[in-house]
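Everything below concerns the one structure shown next.
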Amino acid sequence: MNVVFISPPETHSIESSLPAQINQGGGVYPRLGLLYVAAYYERETGEKTDFIDAPALGMDYERLEEEIRRRPIDLAAVSVLTFNLIDSCKAAALVKKHHPKARVVFGGHHANYYPGESVRLKEVDYVISGDGEKSFLMLAQAIDRGERPEELAAIPGLSWHDGEKPRVAFLRGDSGDLNLLPFPARHLINLRNYNNLIGASDVTATIQSSRGCPFACTFCDIRRTKFRYREPSNVVDEVEALTAQGIEDFFFVDDTITIRKQRVHEICQEMIRRGLKVQFKISSRVDCINEALLKDLRRAGCYRIHYGVESASQRSLDYMEKGITPDLVRKVFRQTKEAGIGAYAYMMIGIPGETREEMEATFDFAVELDPDYCQFSICTPYPKTELYERMLRTGIIPHDYWQEFAENPQEGFRVKFWNPDFEEAELREIQQYGHRKFYGRPRFVLRELGRVRSLVDFRRKAAMGLKLLLRRGARRPEAPTLTT
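Numbered per full-length UniProt numbering, the sequence shown finishes at 484, counting up by one with no gaps.
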């Protein structure tokens, strides 16, 4: 069977609440979810697969169509986020155009929350919700055997068409023990195509050592999900395999890797024991870390920790069910600096009920904490989050507009902030003020100049900084939305 995995161009992505200049600093990372599924399929079948990562290759739709046209394709798996649903549908349509008998399967976060809506899209044959490794293999085998309904019905997390009637899965796929999964199929990609503008080197590899998060943040779509993790030796085996390919900079993309602190201690100690000379960054909550762990992280090569700070207002933190305090944030940022590790602060403004004075206090808090980098998102109720459901229940959001988009995705759809006290233009202006206040400081500029790796790096950072500081906060021309 000819299997291809596709990460589509990001031509029609829904605009997020962050300025493009801040988003650019996030870099380009491989789709680990697809690479895990590809690796499992290849291991279990002995067959080769193909992978088209359009964003990493700077590929537009004309080039993507040519890549799809020239390949034999029996089964295409497309990665889908709600933000790139339009692009995923366009990529699927190209597969159908050039390979009418091919089957298209959607997977990813959007498929988890909108399986029924996704399987009803004309470009889609199957949808896999949850872990995809085992379910995708079972689907490919079922297709090979003629797509018998009783066999399709037995596949965990699979939504499909039973004649004209969609069959929607209400249970998600589960790949079981994460230690038994192969490492992502990175042989399908060129790691040099991936980068991070604020990383420690020009090439950054991503590793996922756990899945899920048990915490209750209302703005998060993986709120209170089961935390599953890999054993330290298994994680370090993957790090070591990547260092053998010349990779020295890593980003552990776990939502909160430090939930089990002892496991992270053991990962650090094992990297040190093996003599791995690496640099890496992680994401953590401020209530999931301590001085002893910070010391081990630094010894192992950790150079930055990404923290969810959100707000200087305890009232706003409580509204978001964050479970932390500003004083704890201060303490942990101080300890992180004392350990010799940098910090990245995720902050949020426009939280329902928040005043302009409270937003400005959050900007002052960011300057006080003085992390390496900081981003100020505008509070946005994303689909299926507790924040979104709460705002629907209380009438702040008049109707389920994400549901409408999932059922009938249209170009021109825009995210709305639904803040009862501020217009979008006001929030954008306040956000821009915060970014200018943080990034316009001489202290930040001088520190960043000291981190420049090359002339190319300097030019990229300088261009990003100038665009950010000179960007206007005025409202952009209105685009049509599903709510008007």
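For glycine and all other residues, C-beta sits at the position ideal for the given N, C-alpha and C.
Q | Closest Cα partner of histidine 161 within the set Gly132, Ser118, Ala185 and Asp174 | A | Ser118
Q: Taking only the alpha-carbon atoms, compute the straight-line gap between arginine 334 and leucine 369 and give it to the nearest angstrom.
A: 8 Å
Q | Cut-off 8 Å between Cβ atoms - residues of its own chain near tyrosine 303, not counting five sequence neighbours on either side | A | So the qualifying residues of the chain are Ala200, Gln279, Phe280, Lys281, Ile341 and Gly342.
(Q) I'd like to know whether the C-beta atoms of arginine 103 and aspartate 131 end up nearer to each other than 7 Å. (A) no
Q. Do glutamine 431 and isoleucine 378 come within 7 Å of each other at the CB atom, strictly closer than that value?
A. yes
Q) Out of curiosity, what's the CA-to-CA distance linking threonine 355 and histidine 399? A) 25 Å
Q | In chain order, each alpha helix (DSSP H) run of at least 4 residues that lies wholly inside the segment 101 to 158 | A | Qualifying alpha helix (DSSP H) stretches, in chain order: 109 to 113, 115 to 119, 133 to 144 and 149 to 152.
Q. Tell me which same chain residues have a C-beta within less than 7 Å of the C-beta of asparagine 195, skipping the five on either side of it?
A. Gly27, Val28, Asp202, Val203 and Thr204
Q: With a cut-off of 8 Å on the beta carbons, I'd call leucine 191 and glutamine 245 a contact; round off their distance for me.
A: 7 Å
**Q.** glycine 173 in three-state terms, based on DSSP
**A.** strand
Q: Could you tell me which residues DSSP pairs with tyrosine 75 in its beta bridges?
A: Correcting the residue type first, residue 75 is leucine in the shown sequence and not tyrosine. In the DSSP output, where bridge partners are listed per residue, leucine 75 has Val3 and Arg103.
Q | DSSP three-state assignment for arginine 228, whether helix, strand or coil | A | strand
Q: Enumerate in chain order the residues of its own chain whose CB-to-CB distance from phenylalanine 365 is below 6 Å, with the five nearest sequence positions on each side excluded.
A: Ala312
Q) Would you report the Cα separation of glutamate 270 and arginine 31, rounded to the nearest angstrom? A) As the crow flies, the alpha-carbon of glutamate 270 is around 27 Å from that of arginine 31.
Q. Rounded to a whole number of angstroms, what is the C-alpha to C-alpha distance between leucine 470 and arginine 441?
A. With a pLDDT of 47 at leucine 470, under the threshold of 50, the predicted position of this residue should be treated as unreliable, though the coordinate-derived value follows. About 14 Å.
Q.
Using a Cβ-Cβ cutoff of less than 6 Å, which residues in the same chain neighbour lysine 437 once the five nearest sequence positions on both sides are dropped?
A. Phe363
Q. Is there contact here, the segment 1 to 21 with the segment 61 to 73, by at least three beta-carbon pairs under 8 Å?
A. yes
Q) Counting along the chain, where does the alpha helix (DSSP H) carrying proline 442 start and finish? A) 442 to 449
**Q.** Supposed close pair serine 79, glycine 116 - CB separation, criterion 8 Å
**A.** With 8 Å as the limit, serine 79 and glycine 116 do not qualify as a contact, their Cβ atoms being about 19 Å apart.
Q | Host alpha helix (DSSP H) of valine 365 (start-end) | A | Valine is not the amino acid found at residue 365; the sequence shown has phenylalanine there. 356 to 369 is the extent of the alpha helix (DSSP H) around phenylalanine 365.
**Q.** Other residues of its chain near histidine 110: CB distance less than 7 Å, five sequence neighbours each side excluded
**A.** For histidine 110, same chain residues with a beta-carbon under 7 Å away, outside a window of 5 residues either side, are Val80, Leu81, Thr82, Leu85 and Ser118 in chain order.
Q) What are the boundary residues of the beta strand (DSSP E) that includes serine 283? A) It spans 279 to 284 - the beta strand (DSSP E) in which serine 283 sits, taken as one unbroken run.
**Q.** Classification of alanine 339 by the beta-carbon crowding that lies within 10 angstroms, buried from 16 upward
**A.** buried
(Q) Rounded to the nearest angstrom, what separates alanine 142 and isoleucine 267 at their Cα positions? (A) 39 Å
**Q.** Counted within 10 angstroms of its Cβ, other Cβ atoms place proline 9 as buried (16 or more) or exposed
**A.** buried
Q | Proximity below 7 Å, CB of arginine 219 to CB of threonine 385 | A | A small fix is needed here, since residue 219 is phenylalanine in this sequence, not arginine. Yes, the Cβ-Cβ distance between phenylalanine 219 and threonine 385 is below 7 Å.
Q.
Measuring CB atoms only, is the segment 147 to 162 touching the segment 171 to 188, in the sense that at least three cross pairs come out at less than 8 Å?
A. yes
Q) Who are the Cβ neighbours of histidine 265 in its own chain at under 7 Å, not counting the five residues just before and after it? A) Leu293 and Asp296
Q. When you compare only the Cα positions, how much space is there between aspartate 50 and glutamine 208?
A. 22 Å
Q: Could you check which residue in Ile305, Glu133, Gly275 and Gln262 has the C-alpha nearest to that of phenylalanine 252?
A: Ile305
Q. What first and last residue would you give for the alpha helix (DSSP H) that runs through phenylalanine 268?
A. Looking at the sequence itself, residue 268 is cysteine, so the reference to phenylalanine does not match. That run of the alpha helix (DSSP H) goes 261 to 273.
(Q) Bridge partners for glycine 342 per DSSP, in chain order? (A) Arg304
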